[in-house]
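Engineer:
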Amino acid sequence: MDGLKFVQINLHRSRAASGAVANLITKHKIDIALIQEPWTINDKIKGLGMLGNVLNRCSGDRPRTCIIHTNRIKPVLLPQFSDRDMTTMLLEKNNENSRLSKVVAVSAYMPYNERNPISNRMELLVEWCVRQAASIIIGADTNSCHELWGSSTTNDRGLKLLDFINSNNLTWLNEGTRPTFSMSIREEILDVTLTSAEIQPAMKEWRVFDDPSLSDHRYITFILKIRGIPTNKIVSEKRSLNIDCYLKTLKDKLTDPPKVYGTPQEIDTYLEHVTNAITNAANEALICKSKGFHSKLPWWSTSLQKVDERCKKLRRKARRTNRTRDKRKQRRAELKLGRMIREAKRKSWRGFCKGLKKLQDIARINRVLERVDQNSLGLLTKRDGTLTNNIRETLEVLIAEHFPGAINDTNTEQRSNEETERIYLTRNPRPDWGLASKFISGEN
Numbered sequence: 001m002d003g004l005k006f007v008q009i010n011l012h013r014s015r016a017a018s019g020a021v022a023n024l025i026t027k028h029k030i031d032i033a034l035i036q037e038p039w040t041i042n043d044k045i046k047g048l049g050m051l052g053n054v055l056n057r058c059s060g061d062r063p064r065t066c067i068i069h070t071n072r073i074k075p076v077l078l079p080q081f082s083d084r085d086m087t088t089m090l091l092e093k094n095n096e097n098s099r100l101s102k103v104v105a106v107s108a109y110m111p112y113n114e115r116n117p118i119s120n121r122m123e124l125l126v127e128w129c130v131r132q133a134a135s136i137i138i139g140a141d142t143n144s145c146h147e148l149w150g151s152s153t154t155n156d157r158g159l160k161l162l163d164f165i166n167s168n169n170l171t172w173l174n175e176g177t178r179p180t181f182s183m184s185i186r187e188e189i190l191d192v193t194l195t196s197a198e199i200q201p202a203m204k205e206w207r208v209f210d211d212p213s214l215s216d217h218r219y220i221t222f223i224l225k226i227r228g229i230p231t232n233k234i235v236s237e238k239r240s241l242n243i244d245c246y247l248k249t250l251k252d253k254l255t256d257p258p259k260v261y262g263t264p265q266e267i268d269t270y271l272e273h274v275t276n277a278i279t280n281a282a283n284e285a286l287i288c289k290s291k292g293f294h295s296k297l298p299w300w301s302t303s304l305q306k307v308d309e310r311c312k313k314l315r316r317k318a319r320r321t322n323r324t325r326d327k328r329k330q331r332r333a334e335l336k337l338g339r340m341i342r343e344a345k346r347k348s349w350r351g352f353c354k355g356l357k358k359l360q361d362i363a364r365i366n367r368v369l370e371r372v373d374q375n376s377l378g379l380l381t382k383r384d385g386t387l388t389n390n391i392r393e394t395l396e397v398l399i400a401e402h403f404p405g406a407i408n409d410t411n412t413e414q415r416s417n418e419e420t421e422r423i424y425l426t427r428n429p430r431p432d433w434g435l436a437s438k439f440i441s442g443e444n
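Each residue of the sequence shown is one higher than the last, beginning at 1 in the UniProt record's numbering.
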């Protein structure tokens, strides 16, 4: 059975923490990262783009949440349930063997200065999930404490969050008392993973990671067991194309095309025949390789790995002894790791730029840097005021609005034939011009 690996972390708006989570995602092959307080510049999320697709929806203010996912999955951003403090995406099953039809994943930040940790948008999202029979996973920095999920105390925000959990048939995955928020003067469990009761049996291996996050929060990882998710992708090397083999194969596959292509359906059939011939000929002439969905970090090195391991050992020792001296050593090691990560990323980027010699490569880099981040379309509001239920319905609405009558219908051809026959039977008979010429010429 396949599984989707999640990580949940508050980066505390740190550049070094962004580099640390990049290493974690690459090292442990994380599929989905629920991020709170990412590193931003000019209200734009930075430092996470090379890990995969970054989803967020925030206009004007600095975003405090985002979701990162690899190309292994194709989720849909739900903009109507996303804002500065909340990013929501919908994951639909792509395999008939999957037990889960719809899963909604949320990265949420609950501001500490609000009396009620639950926003109106969050309540609307949970109600929508109930109507759509969708399961929900919420990775949140709640800034709320309750002894039921391991906190050392219970506050008013924790009580309100518990009421929200109980009233919506949710539950939490937190286990044990290992703190998710750690400072030199305080340790607490503030990060909570919430999920629907029906999906809880599919959630496995929830734990707080020991890897240094270079933030005041710690990594939380868990796995969603689900079928139908690919583990590798097939990549074709275009430079390995055998031109002679390709042309010969293409000629053989195009020898017997459809003979008739007068109607739109026949034109589509002919086009499909040509497209399949080109695709199959290229596949036979190319060298294909299996490749994973997680790329390596170009700036990570063995020296960084050694410092990372040392930070992990010092953290364990500081937690075991609880002495101030050990905590200071841990802090100094983490600061050193942060400086080394920033320096390594800067050096790697400069080396890459110096290696650009062709004008087209430089122009391509400029286009990438100038490109504005674009999220997926998500769900749309229909004319009757309701939302589309999935991405297929969204595409159908777009086609119906921009190209009226363009949606294929299995009965379209039958109705067209019936209409043609009706017109033929009801129209007046054509005039007989031969008989008319006889009358005019006076022939018997």
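Even for Gly, the Cβ is constructed at its ideal location relative to N, Cα and C.
Please read all numbers here as calculations on a predicted model, not as lab measurements.
1) In terms of alpha-carbon separation, which member of Ser152, Asn168, Leu148 lies closest to Ala134?
2) Return the bridge partner residues of Lys357 from the DSSP annotation.
3) Tell me which residue opens and which closes the alpha helix (DSSP H) that Gln305 is part of.
4) The beta strand (DSSP E) with Ile399 in it runs from where to where?
5) If we count the other Cβ atoms within 10 Å of its Cβ and call it buried at 16 or more, is Arg392 buried or exposed?
6) Would you check if the distance between the CB atom of Pro75 and the CB atom of Leu90 is smaller than 8 Å?
7) Going by beta carbon distance, what residues of the same chain come within less than 7 Å of Ser301, once the five residues before and after it are set aside?
8) Does the Cβ of Asn56 have 16 or more other Cβ atoms within 10 Å, making it buried, or fewer, making it exposed?
9) Would you call the stretch 205–223 and the stretch 148–159 in contact, with 3 or more CB pairs under 8 Å?
10) Of the residues Asn120, Asn166, Ala108, Glu401, which one's Cα is nearest the Cα of Thr142?
11) Assuming Asp191 and Asn10 make a contact with CB atoms under 8 Å, what is their CB distance in whole Å?
12) Can you name, in chain order, every residue of its own chain whose Cβ lies under 6 Å from the Cβ of Thr410, other than the five neighbours on each side?
13) For the stretch 143–230, list the alpha helix (DSSP H) runs that are entirely contained and at least 4 residues long, ordered along the chain.
14) Assign Thr256 to one of three DSSP states: helix, strand, or coil.
15) Please determine if the stretch 296–315 and the stretch 332–347 are in contact, where contact requires at least 3 C-beta pairs separated by less than 8 Å.
16) CB Ile189 to CB Asn166, shorter than 8 Å?
17) Within a Cβ cutoff of 7 Å, which residues of the same chain sit near Arg15, ignoring the five residues on either side of it in sequence?
18) Can you grab the Cα-Cα spacing for the pair Arg62 / Lys44, in whole Å?
Structural biologist: In terms of the structure at hand:
1) Here residue 134 refers to the residue found at position 134 when the sequence shown is read from its first residue. Selected option, being the one with the closest Cα: Asn168.
2) By 1-based counting over the sequence shown, the position of residue 357 is 357. According to DSSP, Lys357 bridges with nothing at all.
3) Against the sequence shown, residue 305 aligns to sequence position 305. Unbroken alpha helix (DSSP H) run through Gln305: 302–321.
4) Counted from its first residue, the sequence shown places residue 399 at position 399. Counting along the chain, Ile399 falls outside any beta strand (DSSP E), though it belongs to the alpha helix (DSSP H) covering 391–402.
5) Numbered from 1 along the sequence shown, position 392 holds the residue referred to as residue 392. Answer is exposed; the Cβ neighbour count stays below 16.
6) Counted from its first residue, the sequence shown places residue 75 at position 75. Counted from its first residue, the sequence shown places residue 90 at position 90. In this structure, Pro75 sits near Leu90, with a CB-CB distance shorter than 8 Å.
7) Numbered from 1 along the sequence shown, position 301 holds the residue referred to as residue 301. Excluding positions up to five away in sequence, the list reads Ala344.
8) Start at 1 with the first residue of the sequence shown, and residue 56 comes out as number 56. Answer is buried; the Cβ neighbour count reaches 16.
9) Here the stretch 205–223 makes no contact with the stretch 148–159; the two share fewer than three CB pairs at distances below 8 Å.
10) Reading the sequence shown from its first residue, position 142 is the one you call residue 142. Of the listed residues, the one whose Cα sits closest to Thr142 is Ala108.
11) Counted from its first residue, the sequence shown places residue 191 at position 191. Counted from its first residue, the sequence shown places residue 10 at position 10. Cβ atoms of Asp191 and Asn10 come within 8 Å of each other, at about 7 Å.
12) In the sequence shown, the residue the question calls residue 410 occupies position 410. Because Thr410 carries a pLDDT of 46, less than 50, the predicted location of this residue cannot be relied on, and the following value inherits that uncertainty. Contacts found: none.
13) 156–167
14) For the purposes of this step, residue 256 is taken as residue 256 along the sequence shown, with counting starting at 1. Looking at the sequence itself, residue 256 is Asp, so the reference to Thr does not match. Here Asp256 sits in coil by DSSP.
15) yes
16) Numbered from its first residue, the sequence shown carries residue 189 at position 189. Numbered from its first residue, the sequence shown carries residue 166 at position 166. In this structure, Asn166 does not lie closer than 8 Å to Ile189 by Cβ.
17) As a first step, residue 15 is located in the sequence shown; it is residue number 15 there, counting from the start. Around Arg15: Trp39, Gly47, Arg342.
18) Within the sequence shown, the letter at position 62 stands for residue 62. Within the sequence shown, the letter at position 44 stands for residue 44. Roughly 7 Å between the two C-alpha positions.
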